[in-house]
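Below is one structure, written out as structure tokens; the observations come after it.
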Ligand SMILES: Cc1cc2nc3c(=O)[nH]c(=O)nc-3n(C[C@H](O)[C@H](O)[C@H](O)COP(=O)(O)O)c2cc1C
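Residue numbers (the working numbering): 224 to 386.
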């Protein structure tokens with residue numbers, strides 16, 4: 224028998240992750256975007272990345288239908304953007320200035336730690352989420368520090384001396 228919803232929520236709080244904004248254009252040219260901590264680099268050859276989106280997200284239908292999407296890994300200085308895109312409603316995209324990809328027409332957050340331009344490669348329905356796999360067509364990184372999320376709080380990476 225699976226664990227209870229409460230136990231599962233506690234499990235979620237024990238998992239730390241990097242924070243990204245995933246964004247795409249919908250069929251009318253508007254931007255849909257949400258904050259995720261489910262982003263991972265998946266495969267070297269071919270270069271694939273993935274994230275998971277919950278079925279009840281407002282951006283779900285447009286994101287699953289889109290043939291391209293952009294991932295912006297947020298810098299520790301961008302917690303406000305992480306919070307903004309975890310909210311709902313058109314306000315979050317209308318008051319954000321997006322970069323456009325160099326290779327694909329995807330919305331990207333300026334000054335983020337990494338900007339990744341993806342062609343949708345595979346969609347796997349799994350539980351109450353869809354896993355969206357993207358083929359990386361272009362990407363750039365900048366020096367900086369990642370925005371992390373743990374125990375319902377944003378935070379920074381602190382390196383340890385393991386020598
Ligand atoms: C740090 C953080 C990580 C999140 N990770 C995910 C995620 O991986 N997948 C997801 O579907 N929602 C995730 N969410 C929740 C969405 O950002 C939130 O439901 C958002 O309102 C969805 O926007 P939309 O309804 O406009 O699509 C996360 C929220 C936060 C604060």
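Every residue gets a Cβ at the ideal spot worked out from N, C-alpha and C, and that includes glycine.
Using the Cα positions of residue 369 and residue 309, report the straight-line distance between them to the nearest angstrom. 17 Å
What residue range is occupied by the uninterrupted beta strand (DSSP E) comprising residue 328? Note, residue 328: premise wrong, no beta strand (DSSP E); not H, not E.
Outcome for residue 260 when other beta-carbon atoms lying within 10 angstroms are tallied against a minimum of 16: buried
Range of the contiguous alpha helix (DSSP H) that encloses residue 235: 228-236
Heavy atom of ligand 1 less than 7 Å from the Cβ of residue 380, yes or no? no
Report back the beta-carbon spacing between residue 361 and residue 334 to the nearest angstrom; my notes put them in contact at under 8 Å. No, residue 361 and residue 334 are not in contact; Cβ-Cβ is about 17 Å, not under 8 Å.
Determine the burial state of residue 224: buried for a count of at least 16 other Cβ atoms within 10 Å of its Cβ, exposed for fewer. exposed
4-residue-minimum alpha helix (DSSP H) runs that sit fully inside the region 305-346, ordered along the chain: 314-317
So, helix, strand or coil for residue 303, using DSSP? helix
Taking contact to mean at least 3 C-beta pairs separated by less than 8 Å, is the region 243-250 in contact with the region 281-293? yes
Give me, in chain order, the residues of the same chain whose beta-carbon lies closer than 7 Å to that of residue 236; leave out the 5 immediate sequence neighbours on both sides. 374, 375
Just verifying my parser: in three-state terms, what is the DSSP assignment at residue 284? helix
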